[in-house]
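Be aware that the sequence shown starts at 81, since it is given in the numbering used here, and climbs by one per residue. Worksheet for the structure shown next.
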Amino acid sequence: MKALVFPGQGSQFVGMGKELYDSRKDIKDLMEYANEILGFDIISIMFNGADEDLKKTEVTQPSIFIHSVAALKAVNGLGAEMVAGHSLGEFSALVANGVLSFDDGLKLVSERAKAMQAACDANPSSMAAILGLEDAKVEEICATINGIVVPANYNCPGQLVISGETVAVEEACVKLKEAGAKRALLLPVNGAFHSPLMQPAQERLAAAIENTKFRKATIPVYQNITTTAVTDPEQIKNNLISQLTGPVKWTQSVQNMIKDGANNFIEVGPGKTLQGLIKKIDSEVTSASAI
81 MKALVFPGQG
91 SQFVGMGKEL
101 YDSRKDIKDL
111 MEYANEILGF
121 DIISIMFNGA
131 DEDLKKTEVT
141 QPSIFIHSVA
151 ALKAVNGLGA
161 EMVAGHSLGE
171 FSALVANGVL
181 SFDDGLKLVS
191 ERAKAMQAAC
201 DANPSSMAAI
211 LGLEDAKVEE
221 ICATINGIVV
231 PANYNCPGQL
241 VISGETVAVE
251 EACVKLKEAG
261 AKRALLLPVN
271 GAFHSPLMQP
281 AQERLAAAIE
291 NTKFRKATIP
301 VYQNITTTAV
311 TDPEQIKNNL
321 ISQLTGPVKW
331 TQSVQNMIKD
341 GANNFIEVGP
351 GKTLQGLIKK
361 IDSEVTSASA
371 I
C-alpha cells in the first residue's frame, strides 16, 4: 500500500517551488493565488528571499504548505491509500485526502503560524534534540525537572525532541547527557512548539478551525496525536487543535501505517527529512520523493 507523507517546519530552503512554478501553468496559478490569500508576496520570499526571512515562522509554515500542495498537484495524488504529515505537514495531508481546500488550508496554516509566533514571543522557550537514548528514559528525566519541559517530537527510535522553558530544557539536556544520551543539542528555534507553552496559540487556532469547513476524508489520515487512522471531520479538528500543545508521535504513526499495510512511503514537499526518519523506523519499507 502507498502512503503519502508531508514534511513540517525545518524542511524549507531558498528556491523551493521554483521548478514547479516554472513547469506548469496550473501550479503557477495556484502559487500566485497563495499571494492573494496571504496578502503579501510569499512566492518571492520562497524563490529569492534571504534565508533568515524564510526561517520566520509566519513565512516558513505557509511556504512549506504551498510547496507541498504544489508537489501534490504535480503528481496528481499518486493513488495513495493513506496520508500523514509531520506537525505542520498534517495540514498538507488534509488537502491530499479532501478534508481541506487549498485556500482554507493555507488560511489555517497562516493563522497557526502567527499564533505560534506570538506564543513564542510571550515566553522565553526553546527545544533540543536528544539522540541515542530510549524514549522512556527521556520521558522519565523530563518529569523530574522543575519547570516546563516535555517530549515534543518522537521522530524515530533514538531521536526525540524536547520542548519547554529555556532553563528547564537546558537542565534536562545536562541530565540526559549524564544518563547516556549521545547528544543533547539545543535547536535554533525561539519557541517551545508542541508543549503547554503553546496554549495561547491553541486557543487562537481552535477558533479558526471551528470557522472552517472540514469534509469527510477520502482516505484516512494518521494524525500526530492519536497515531491511528482517522476519517471523521470532528475528530480531525480536535486532533489538530490538540497537536499544538501535545507531542508529534511520528515514530508511532509510521509504525501504525506499516501495521495497516503501508510499504511504500512517498514524501510530498521540500526536502527528504521524513524519508530518513522512516528508514530508521523500519528499514524494510521503501521511501522516495514525489518529485
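Glycine included, each C-beta is placed from N, C-alpha and C at the ideal position.
Extent of the continuous alpha helix (DSSP H) to which residue i belongs
i    : result
A209 : No alpha helix (DSSP H) contains A209, which is instead part of the beta strand (DSSP E) from S205 to L211.
H140 : Before going further, note that residue 140 is Thr rather than His in the sequence given. Taken as a continuous stretch (DSSP letters only), the alpha helix (DSSP H) holding T140 covers T137 to V155.
S91  : No alpha helix (DSSP H) contains S91, which DSSP labels as neither H nor E.
M278 : Looking at the DSSP string, M278 is not in any alpha helix (DSSP H), and its letter there is neither H nor E.
Residue i (DSSP reduced to helix, strand or coil)
i    : result
K108 : helix
E250 : helix
A297 : coil
V179 : coil
Identified DSSP bridge partners for residue i
i    : result
R263 : L211
Q197 : The partner list for Q197 (beta bridge, DSSP) is empty, contrary to what the question assumes.
K82  : N344
C236 : Q239
P231 : I242
V328 : N233
V310 : V301
Own chain residues within Cβ distance below 6 Å of residue i, not counting five before or after
i    : result
I66  : With the chain covering only 81 through 371, there is no way to say anything about residue 66.
L152 : A176 and V348
Classification of residue i by the beta-carbon crowding that lies within 10 angstroms, buried from 16 upward
i    : result
L266 : exposed
Q323 : buried
S143 : buried
G178 : exposed
R104 : exposed
Q279 : exposed
G244 : buried
K339 : exposed
Neighbourhood of residue i by C-beta, 7 Å cutoff - its chain only, sequence neighbours within 5 removed
i    : result
L320 : E170 and I289
L211 : G238, Q239, A261, K262 and R263
Span of the beta strand (DSSP E) around residue i
i    : result
V365 : Element bounds for V365: n/a, residue is neither H nor E.
V163 : M162 to G165
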